[in-house]
Each structure stands twice: as structure tokens, then as C-alpha cells.
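S.K.:
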Amino acid sequence: MEFLKINHLKVYYPIRGGFFRRVNDYVRAVDDISFELRSGETYGLVGESGCGKTTTGRTVIGLIKATAGEILLEGKDIAKLSSREFSRYRRDIQMIFQDPYSSLNPKKRVLDIIAEPLRNFERLSPQEEKRKVQYFVEKVGLHADSIYKYPHEFSGGQRQRIGIARALTLNPKLIIADEPVSALDVSVQAQVLNFMKEIQKEFQLTYLFISHDLGIIRHMCDRIGIMYRGQFVEEGTSEEIFNNPQHIYTKRLISAIPNADPQKRKEQLALRKQVEEEYTNSFHQYFNHDGKAYRLKRISETHSVAIL
Amino acid sequence: MKTELNHSQQTEIQIEKSPSSLSILWREVVKDKLALVSMILLALILLVVYGSAIFLDQEKIVKVDLLSIYAPPSSEHWLGTDYGGRDIFGQLIIGARNSFTIGLAITLISCLIGLIVGLVAGYYGGVIDNIIMRVIDFILVLPFLMLVIVFVAIVPKYNVFTFILIMSAFLWTGKARLIRAKTLAERELDYVSASKTLGTPDWKIISREILPNLSSIIIVNLTLNLAGNIGIESGLSYLGFGLPESTPSLGTLVSYATNPDVLQNKWWVWLPASLLILVMMLCINFIGQALKRAADARQRLG
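One line per chain: the protein sequences are A and B, in this order.
For this note's numbering, add 20 to where a residue sits in the first sequence, where the first one is 1.
For this note's numbering, add 170 to where a residue sits in the second sequence, where the first one is 1.
#1: Among the residues of its own chain, which have a CB less than 8 Å from the CB of H28 of chain A, if the five just before and after it don't count?
#2: Which residues share a DSSP beta bridge with Q42 of chain A?
#3: Anything in the segment 106-119 of chain A with a Cβ closer than 8 Å to a Cβ of chain B? List those residues in chain order, please.
#4: For L348 of chain B, collect the residues of the same chain with a Cβ closer than 8 Å to its Cβ; drop the 5 residues on either side in sequence, then sort them by chain order.
#5: Listed in chain order, which residues of the segment 365-388 of chain B have Cβ atoms closer than 7 Å to some Cβ of chain A?
#6: Would you say L359 of chain B faces chain A, with C-beta separation under 8 Å as the test?
#7: Please state whether the Cβ-Cβ distance between K152 of chain A and L162 of chain A is less than 8 Å.
#8: Suppose the cutoff is 6 Å on Cβ atoms and the five residues either side in sequence are ignored; what does the same chain contact list for L188 of chain A look like?
#9: At 7 Å on the CB atoms, spell out the chain B contacts of L213 of chain A, in chain order.
#10: For the alpha helix (DSSP H) that V130 of chain A lies in, which residues bound it at each end?
#11: Use the C-beta contact count for L310 of chain B: other C-beta atoms within 10 angstroms, 16 or more gives buried, fewer gives exposed.
#12: Inspect the beta-carbon positions of I182 of chain A and I219 of chain A and report whether they are closer than 8 Å.
#13: Can at least three beta-carbon pairs, one atom from the segment 401-418 of chain B and one from the segment 221-231 of chain A, be found at a separation below 8 Å?
#14: Taking only beta carbons into account, state which residues of the segment 136-148 of chain A come closer than 7 Å to chain B, listed in chain order.
#15: For K377 of chain B, count neighbouring C-beta atoms within 10 Å of its own C-beta (all shown protein chains included) and say buried if the count is 16 or more, exposed if not.
#16: Determine the closest residue to E199 of chain A out of A:D233, A:F174, A:I167, A:E173, with distance taken between C-alpha atoms.
#17: Using the DSSP secondary-structure output, state which residues sit across from I84 of chain A in a beta bridge.
#18: Kindly indicate the opening and closing residues of the beta strand (DSSP E) around V201 of chain A.
#19: Using only alpha-carbon positions, find the residue among B:L394, B:M209, B:H247 that is nearest to F259 of chain B.
#20: When the Cα atoms are used, what is the spatial distance from S193 of chain B to V130 of chain A?
#21: Do I246 of chain A and V66 of chain A have their CB atoms nearer than 8 Å?
#22: Can you tell me where the beta strand (DSSP E) with Y248 of chain A in it begins and where it stops?
#23: Near Y32 of chain A, which residues of its chain fall below 6 Å by C-beta distance, leaving aside the five closest residues on each side in sequence?
#24: Any Cβ of chain A within less than 8 Å of the Cβ of A464 of chain B?
#25: How should D252 of chain B be labelled, buried or exposed, when 16 other C-beta atoms within 10 angstroms of its C-beta is the threshold for buried?
#26: Around the Cβ of H309 of chain A, are there at least 16 other Cβ atoms within 10 angstroms (buried) or fewer (exposed)?
#27: When you compare the segment 356-376 of chain B with the segment 298-307 of chain B, are there three or more beta-carbon pairs, one atom per stretch, that lie closer than 8 Å?
#28: Inspect the beta-carbon positions of P265 of chain A and E255 of chain A and report whether they are closer than 8 Å.
#29: Using the C-alpha atoms, what's the distance from L354 of chain B back to L423 of chain B?
#30: For Q209 of chain A, which residues from the same chain have a beta carbon less than 6 Å from its beta carbon, with the 5 sequence-adjacent residues on both sides left out?
#31: From I196 of chain A to I454 of chain B, what distance separates their C-alpha atoms?
#32: Along chain B, in chain order, which residues have C-beta atoms closer than 9 Å to that of S202 of chain A?
#33: Does G193 of chain B come within less than 8 Å of chain A when only Cβ atoms are used?
#34: Any C-beta of chain A sitting closer than 8 Å to the C-beta of T173 of chain B?
#35: Determine the chain B residues that contact L57 of chain A at a beta-carbon separation under 7 Å, and present them in chain order.
#36: What residues from chain A crowd round S222 of chain B, counting only those whose CB sits closer than 8 Å?
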């Protein structure tokens with residue numbers, strides 16, 4: 021059985037207007053997507069900004085209510101639970117936020133920030149609590165003394181590690197990482213990503229990794245779903261997506277990865293031109309007249325593409 | 171030894187790097203000479219007023235003494251007497267105490283109500299916010315002064331306490347609006363989402379996460395409102411709808427100046443009270459301005 025299964029998830033926002041603010045239309049932020057996560061793997065959600073990947077992540081953790089669809093965590097539908105019933109599953113799902121600056125309360129010490137989930141779910145004496153917080157702080161590579169400092173005394177990378185430590189304290193099974201490194205500079209990105217891989221092994225975590233950076237996705241993920249305008253256009257293992265992309269949107273994304281080798285500049289340019297040509301010529305093979313993708317079609321055991 | 175050195179260095183850095191919001195406020199007030207002088211002056215006034223009010227007997231002061239009507243300042247009556255032969259200095263001290271206590275109580279009560287309502291409206295948003303804001307809009311469009319006068323007239327047991335309640339019932343709305351606006355901005359930040367995903371209950375998010383981040387704004391608003399509320403109390407008493415004459419108030423003393431004879435020839439009746447109101451409100455305002463600057467990092471002096 022899959023660890024997390026998402027069936028026909030939809031998140032619509034109403035557009036109101038006219039008399040009595042009637043609902044005229046919907047913004048289809050997430051429009052009928054289905055995918056599943058196996059225990060211990062890293063699943064990547066990729067797409068341009070505004071394609072609904074963050075909305076998907078926030079819906080899974082319950083910050084946004086799903087309009088329709090199921091979110092099955094170990095077989096139990098958590099999408100329709102009330103917030104009180106949901107709290108039992110809170111411990112299993114945690115989130116790492118995109119912005120390490122706004123995701124830590126500036127008025128609280130690191131100790132209070134990391135101990136917050138412990139105070140909600142476990143009754144620990146102050147000594148035990150402090151020891152546990154110190155354990156996780158050292159786990160994420162910070163000095164044990166830093167629990168008495170405030171967030172603004174840390175660099176961006178360190179702050180993100182504090183965010184990760186906070187997410188780890190309840191021993192969750194699933195961590196939703198919403199662009200965890202996009203606010204950090206490149207040298208720190210690698211550091212944080214490798215660290216996330218390490219703790220994945222150590223704590224047997226499953227990641228739902230949301231990013232727009234294909235390089236990072238390739239480095240981190242076992243399987244990848246490509247999103248476009250609230251829908252999946254392609255889904256498959258990392259190799260399948262990067263070595264054998266089928267959908268024109270995936271091809272365009274991959275051809276846009278910059279190549280550091282100046283010798284291959286001409287090849288890269290030719291590839292981009294070719295993809296661009298294919299895009300203009302065969303647009304209707306991939307998108308319907310509304311510019312939406314078609315339904316996913318399975319082309320191998322693990323690989324699905326949205327084509328006619 | 172090395173570790174010792176390291177440790178002391180770290181604590182030093184810690185102290186230096188994380189100034190609490192209170193110490194920022196304090197530093198700003200000290201840096202601004204005008205605010206510092208205002209604060210010392212205000213502290214002195216309050217000390218004298220509250221200190222000497224303990225030794226004064228209100229009953230004795232408000233007792234009519236027909237033999238010394240409108241006596242000019244003398245060694246017996248430091249600031250003379252009014253039309254009932256009552257000692258002005260005693261009335262001034264007790265009046266200042268009453269006015270300040272009332273102003274403070276109104277400020278605190280209206281702040282508390284406004285804070286709770288504003289936080290709830292801003293945090294939950296949607297329908298709750300809509301309902302609360304419409305109620306506030308309704309209260310705001312009512313003619314405040316007229317309604318207070320009506321209430322004062324119809325309340326059966328009218329005293330200091332009911333006066334505070336009537337005023338607070340109208341004055342919390344502005345505060346609620348301010349707090350709501352700030353909360354709306356604050357709740358969109360990720361640390362609130364983070365708290366939700368960590369399973370923190372709503373009331374705890376409101377009181378432990380959002381409230382501390384609004385603290386400086388609350389302190390600033392509190393101070394500036396305090397000056398205004400002392401003024402409102404004095405103003406209403408001046409109009410004759412504040413405290414009864416048996417309870418001395420700064421506004422009552424000033425209102426004696428409506429008599430042209432008093433205004434022209436008996437300055438000792440109304441001038442000290444007017445000056446005291448002026449000085450107190452100016453002092454509080456100057457302190458408030460300094461605190462306001464402290465709340466915004468771009469405007470700070472120190």
C-alpha cells in the first residue's frame with residue numbers, strides 16, 4: 021500500500037463579482053491531480069511559478085482546504101477531517117517552509133521555536149525538553165548554546181536548519197519541503213540539501229519536495245511530477261524525466277537548464293531552437309484549445325504523459 | 171581557559187545582538203532629550219499628585235466655606251479658593267489624580283477590549299471579521315459626545331466607575347481597527363502557518379505568536395491615547411457632563427472660567443488646572459512620539 025495517495029485533488033478559488041458577489045468562475049489552482057508517495061522516497065513536484073505546486077503541498081498538510089478529492093495517509097482520508105480530528109495526523113506530516121526569514125517568529129528564542137511542537141504534543145519536563153531540543157539543534161549542525169539566541173542572530177542557511185530541526189522534533193513520517201533552498205545562496209543550498217538527504221536516511225523520512233529548480237530536483241528526487249497550470253503533464257522516475265522526456269513542456273523545462281560548459285554552447289542553443297520549433301508546431305498535440313493539458317496516459321510501468 | 175574565554179565572548183555577543191523591544195523603547199526615549207525631560211517631569215508630577223493626595227481629605231476640601239469665597243492665594247490657601255470657599259490647591263491635586271486615574275483606566279480597558287476584538291477579527295478573517303467590522307463601523311458613526319451626555323443623564327448611579335465604563339464602551343473601536351489591520355498583515359507570515367502545522371491551537375497562536383509581534387505598536391498607541399483620554403475627561407467635565415462637583419476634577423476647575431469675572435480677575439481658580447492639563451498632555455505626547463519612532467526602525471534616533 022502506498023504511504024500517501026492523492027486522488028483527484030482539486031483546489032478551486034471562487035471569483036466573485038456583479039450583484040451580491042455571486043460566484044462567476046473559479047481559479048483552478050489545483051485541477052484534478054493524482055499521485056502517490058512510497059515510504060522513504062523523495063517525490064519532486066516541479067513547475068513554473070503559479071502552477072499550483074505550493075498549493076498542493078499546503079493542501080496535503082491541511083493549511084488549505086481541498087475543494088474535492090482525497091488525500092489518503094496510510095489509507096485514511098485526511099482531506100475531509102475537521103481540524104480537531106486532523107490533529108492526530110499532524111505529527112506524521114511536517115513542513116519546511118520556503119522563506120527562513122518569515123517562518124521563524126522573531127520574538128521567540130530558538131529553544132521556544134523548536135520546543136513548540138513538543139509542548140503541543142508531549143508533556144516533558146523543562147530539562148527533558150531542553151535536552152531534546154539541544155539534540156536536534158546539534159543534529160542540524162548548530163552549536164548547542166544557540167538555543168538561547170533569537171532567529172535574527174543566524175544566517176539564512178542556519179535559520180533554515182532551525183526550521184528543519186523544528187520539523188523533525190515530532191519524528192514525522194512525511195516532510196513537505198516547499199522550495200526549502202530557493203531563498204538561500206548556491207553554496208548554502210548544496211549544504212542544506214545534502215543535510216536533508218542525510219537525515220532522510222537517519223529518520224526514514226518521506227519527502228514531498230516542491231521546487232522550480234530542475235538541478236535540485238534531479239539531485240534530490242526519486243520520482244518527479246511535472247505540473248502545468250494546476251495539472252500534471254508528466255510523471256515518472258528521475259531518469260525517465262531527464263533522459264526521455266515525452267511532453268513538450270517537460271522538454272522545454274529541461275532545455276532551459278543552463279549548461280556551464282562553454283564548449284557546448286552551440287549545441288545547447290540548437291537544442292533550444294529545436295524544442296521551441298517543436299513547441300510551436302505541435303502545440304495542439306499536447307494542449308487542448310483552452311491551453312490545458314490532456315489526461316495522463318501511461319506509457320510504461322512508471323512513466324505517464326499527458327498526450328492525446 | 172580557552173573555553174572560558176569563548177563562553178564569555180558568546181554571552182557578550184548575545185547581550186549585544188538581541189536588544190529586547192523594551193530596551194529599544196528605553197534607548198529611544200533617553201536619546202530624545204525632549205522625551206527624557208517630559209518623562210522626568212511627568213514622573214515628578216505624578217509622584218507629587220499621588221503622594222500628596224494620600225494626605226488630603228477630599229471631604230474637607232469640597233466642604234463649602236462661605237467666609238473665604240474667592241480668597242486670593244495666601245499661606246492658608248496656597249492657590250486661593252473658588253466660589254464656595256473651597257481650597258483650589260487641594261482640588262487641583264485630587265482633581266489631577268482623578269483625571270489621570272480615569273484617563274489611565276479608560277485607556278487600559280478600551281485597549282484590552284480593542285486588542286481582543288482586533289486580534290480575533292484579524293486572525294480569523296472572513297465572516298467573523300465582516301461582522302465585527304460592521305459593528306465597529308456602526309459604533310463609529312454614532313455621535314460620540316452626544317451619546318455620552320445622554321448616558322451620563324440617564325445612568326442612575328453616576329460615579330467615577332460608571333463614567334469609565336461609558337467612555338470605554340465607545341473608545342475601543344479605534345484600537346480594534348488598528349490591531350486588526352496589523353494582525354491581518356502578521357497572520358500571512360509563514361511563522362503563523364508553521365505554528366498551525368505544528369499543531370498549536372488558535373488561541374495560543376494569537377496570544378503567543380502574533381501578540382508579541384504587535385507589542386511595540388500597542389505600547390505606542392497606549393501612550394498617545396492616554397493623553398487624549400485625559401483630555402476627553404477634562405473636556406466633558408468642563409461641559410458639565412463629566413464628574414459631579416463633589417468629585418474634584420481638572421475639567422471642573424477649568425469650567426469655573428466660564429464666569430467672566432473669574433476669567434478676568436481670579437486667575438488662581440482656573441490657570442493652575444489649565445497649565446497642569448497642558449503640561450501633562452504635552453509630556454505624554456512627547457514620550458509617545460519617541461516611542462512611536464522606536465517602533466519603526468527607519469525613524470529611530472538611537
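Positions of the beta carbon are idealized from the N, C-alpha and C atoms, including for glycine.
M.R.: Quick answer:
#1: For the purposes of this step, residue 28 of chain A is identified with residue 8 of the first sequence, where counting begins at 1. The residues are D52, I53, S54, A88, G89, E90.
#2: Counting from 1 along the first sequence, the entry for residue 42 of chain A is found at position 22. Note that residue 42 of chain A is Arg in the sequence shown, not Gln. Per DSSP, A:G37.
#3: S107, R110, R111, I113, Q114, M115, F117, Q118, D119
#4: Here the question's residue 348 of chain B lines up with position 178 in the second sequence. Excluding sequence neighbours, L348 of chain B sits near G284, G288, I387, N391.
#5: S365, K366, T367, L368, G369, T370, E379, P382, N383
#6: One-based indexing of the second sequence puts residue 359 of chain B at position 189. Chain A, which has a Cβ nearer than 8 Å to the Cβ of L359 of chain B, makes this yes.
#7: On the first sequence, position 132 is the one that residue 152 of chain A refers to. On the first sequence, position 142 is the one that residue 162 of chain A refers to. No, they are not a contact pair.
#8: Residue numbering aside, residue 188 of chain A sits at position 168 when the first sequence is read from its first letter. If we look at L188 of chain A and ignore the five residues flanking it on each side, its Cβ neighbours are F156.
#9: The count along the first sequence starts at 1 and reaches residue 213 of chain A at position 193. Neighbours of L213 of chain A across chain B, judged by C-beta separation under 7 Å, do not exist; the nearest C-beta is about 20 Å away.
#10: By one-based count along the first sequence, residue 130 of chain A stands at place 110. That run of the alpha helix (DSSP H) goes 130-141.
#11: Taking the second sequence and counting its residues from 1, one reaches residue 310 of chain B at position 140. Exposed: under 16 other Cβ atoms inside 10 Å.
#12: In the first sequence, residue 182 of chain A corresponds to position 162, counting from 1. In the first sequence, residue 219 of chain A corresponds to position 199, counting from 1. Their beta carbons are not under 8 Å apart, which means I182 of chain A does not touch I219 of chain A by this criterion.
#13: no
#14: For the segment 136-148 of chain A, the set of positions with a beta-carbon nearer than 7 Å to some beta-carbon of chain B reads E136, P137, N140, F141 in chain order.
#15: As a first step, residue 377 of chain B must be located in the second sequence, where it is residue number 207. Inspection of the sequence shows that residue 377 of chain B is occupied by Ser rather than by Lys. Counting Cβ neighbours within 10 Å, S377 of chain B comes out exposed, since fewer than 16 surround it.
#16: The residue labelled residue 199 of chain A in the question sits at position 179 within the first sequence. Checked all of A:D233, A:F174, A:I167, A:E173; the closest Cα to E199 of chain A is A:D233.
#17: Position 64 of the first sequence, counted from the start, is the residue given in the question as residue 84 of chain A. Here I84 of chain A is not bridged, per DSSP, to any residue.
#18: In the first sequence, the residue the question calls residue 201 of chain A occupies position 181. Element bounds for V201 of chain A: n/a, residue is neither H nor E.
#19: Numbered from 1 along the second sequence, position 89 holds the residue referred to as residue 259 of chain B. If we check each option's Cα against that of F259 of chain B, B:H247 comes out closest.
#20: Taking the first residue of the second sequence as 1, we reach residue 193 of chain B at position 23. Taking the first residue of the first sequence as 1, we reach residue 130 of chain A at position 110. The straight-line gap from Cα to Cα measures roughly 20 Å.
#21: On the first sequence, residue 246 of chain A is found 226 positions in, with the first residue counted as 1. On the first sequence, residue 66 of chain A is found 46 positions in, with the first residue counted as 1. Cβ distance < 8 Å, so I246 of chain A and V66 of chain A count as in contact.
#22: Counting from 1 along the first sequence, the entry for residue 248 of chain A is found at position 228. Unbroken beta strand (DSSP E) run through Y248 of chain A: 243-248.
#23: Counted from its first residue, the first sequence places residue 32 of chain A at position 12. Only Y46, R48, T87 meet the Cβ criterion.
#24: Position 294 of the second sequence, counted from the first residue, corresponds to residue 464 of chain B. Chain A, which has no Cβ nearer than 8 Å to the Cβ of A464 of chain B, makes this no.
#25: Locating residue 252 of chain B in the second sequence gives position 82, where the first residue counts as 1. So D252 of chain B counts as buried.
#26: Along the first sequence, read from residue 1 onward, the residue named residue 309 of chain A stands at position 289. H309 of chain A comes out exposed.
#27: no
#28: For the purposes of this step, residue 265 of chain A is identified with residue 245 of the first sequence, where counting begins at 1. For the purposes of this step, residue 255 of chain A is identified with residue 235 of the first sequence, where counting begins at 1. No, these two residues do not count as a Cβ contact at 8 Å.
#29: Along the second sequence, one-based indexing puts residue 423 of chain B at 253. Along the second sequence, one-based indexing puts residue 354 of chain B at 184. Going by the C-alpha atoms only, they are around 44 Å apart.
#30: For the purposes of this step, residue 209 of chain A is identified with residue 189 of the first sequence, where counting begins at 1. Closer than 6 Å at the Cβ level, and outside the excluded window around Q209 of chain A, lie V201.
#31: By 1-based counting over the first sequence, the position of residue 196 of chain A is 176. By 1-based counting over the second sequence, the position of residue 454 of chain B is 284. Their backbone Cα atoms lie some 50 Å apart in a straight line.
#32: What you label residue 202 of chain A is simply residue 182 of the first sequence in a count that begins at 1. Result: empty, since nearest Cβ-Cβ is about 13 Å, beyond 9 Å.
#33: Within the second sequence, the letter at position 23 stands for residue 193 of chain B. Reading off the sequence, residue 193 of chain B comes out as Ser, not Gly. No, S193 of chain B lies away from the interface with chain A (no Cβ there is under 8 Å from its Cβ).
#34: To locate residue 173 of chain B, count along the second sequence from 1; it is residue 3. Caution is warranted here: a pLDDT of 46 is assigned to T173 of chain B, below 50, making its placement in the model unreliable, and no coordinate value can be reported.
#35: Your numbering for residue 57 of chain A matches position 37 in the first sequence. Result: empty, since nearest Cβ-Cβ is about 17 Å, beyond 7 Å.
#36: The residue labelled residue 222 of chain B in the question sits at position 52 within the second sequence. Neighbours of S222 of chain B on chain A: none; closest Cβ ~41 Å, over 8 Å.
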